[in-house]
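Taking UniProt numbering, the leading residue of the sequence shown gets 1, the next gets one more, and so forth. Working notes for the structure below.
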Amino acid sequence: MAARRQRTAAGRQTGRTEAVRRQSYMYGAAAPKLEPNASPRPERTERKPVRRTSARTSSRVRRNQEKALQMDLPYVILLTIASLCTLCLCVNYLHLQSSITGRMHNIEQIEAQLEQYRSENDALEGAINASVDLNEIYRIATEELGMVYANRNQVLLFDKTENGYVRQFEEIPSY
């Protein structure tokens with residue numbers, strides 16, 4: 001057996017397989033001279049030897065392979081639960097996306113409506129300002145209501161620095 005391994009190793013080193021060596025070997029002293037082939041063959045790449053295992057090891061490997069291919073009940077239940085959780089997450093994600101899209105569309109509509117109301121308000125304010133005639137107000141105030149402009153001695157000015165506003169019922173300082 002050891003001699004066979006050595007012969008196989010020697011055959012691998014020269015690039016020949018053992019089968020080719022058996023065909024070219026002749027017993028006896030009168031070996032004919034072999035002529036080279038017309039077209040040289042490319043050398044084959046070296047193959048890894050097939051490892052032979054015992055019957056006990058190969059049956060153990062077969063059992064492990066069969067066991068790996070089988071799906072037992074806890075594995076199927078766990079896989080089903082994981083699939084359902086993933087499905088629920090995907091459905092919730094799509095629901096939230098559609099909700100956000102709907103709200104964005106609603107916000108755009110409300111902003112457009114707000115802009116329309118602002119433009120209408122500005123137009124009405126302009127119409128009101130255009131309809132007010134200040135000369136007519138002055139005429140009514142002076143002629144019909146008897147109002148007159150205040151004189152310089154009737155106007156009192158004072159600075160109040162304590163607060164930023166003036167209370168209605170607070171005493172007015174005299175100068």
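Backbone N, C-alpha and C define an ideal beta-carbon position, used for all residues, glycine too.
Rounded to whole angstroms, what's the CA-CA distance from residue i to residue j? Just pull it up for me.
i      : j      : result
Val132 : Tyr138 : 11 Å
Gln97  : Cys90  : 11 Å
Ser59  : Leu79  : 29 Å
Gln154 : Asp122 : 39 Å
Arg103 : Ile81  : 33 Å
Glu66  : Tyr75  : 15 Å
Arg152 : Glu120 : 43 Å
Asp72  : Arg62  : 18 Å
Gln109 : Leu94  : 23 Å
Glu125 : Arg118 : 10 Å
Ala112 : His105 : 11 Å
Ala68  : Ser99  : 45 Å
Leu87  : Gln70  : 25 Å
Glu136 : Tyr149 : 16 Å
Glu144 : Ile107 : 53 Å
Ile128 : Leu156 : 34 Å
Gly146 : Leu134 : 17 Å
Asn64  : Cys85  : 31 Å
Leu114 : Thr142 : 42 Å
Gln116 : Ile140 : 37 Å
Asn92  : Ala130 : 57 Å
Ile77  : Ser83  : 10 Å
What first and last residue would you give for the alpha helix (DSSP H) that runs through residue i?
i      : result
Ala130 : Leu73 to Ser131
Gly136 : Note on identity: in this sequence residue 136 is Glu, with Gly being the wrong assignment. Its alpha helix (DSSP H) spans residues Leu134 to Arg139.
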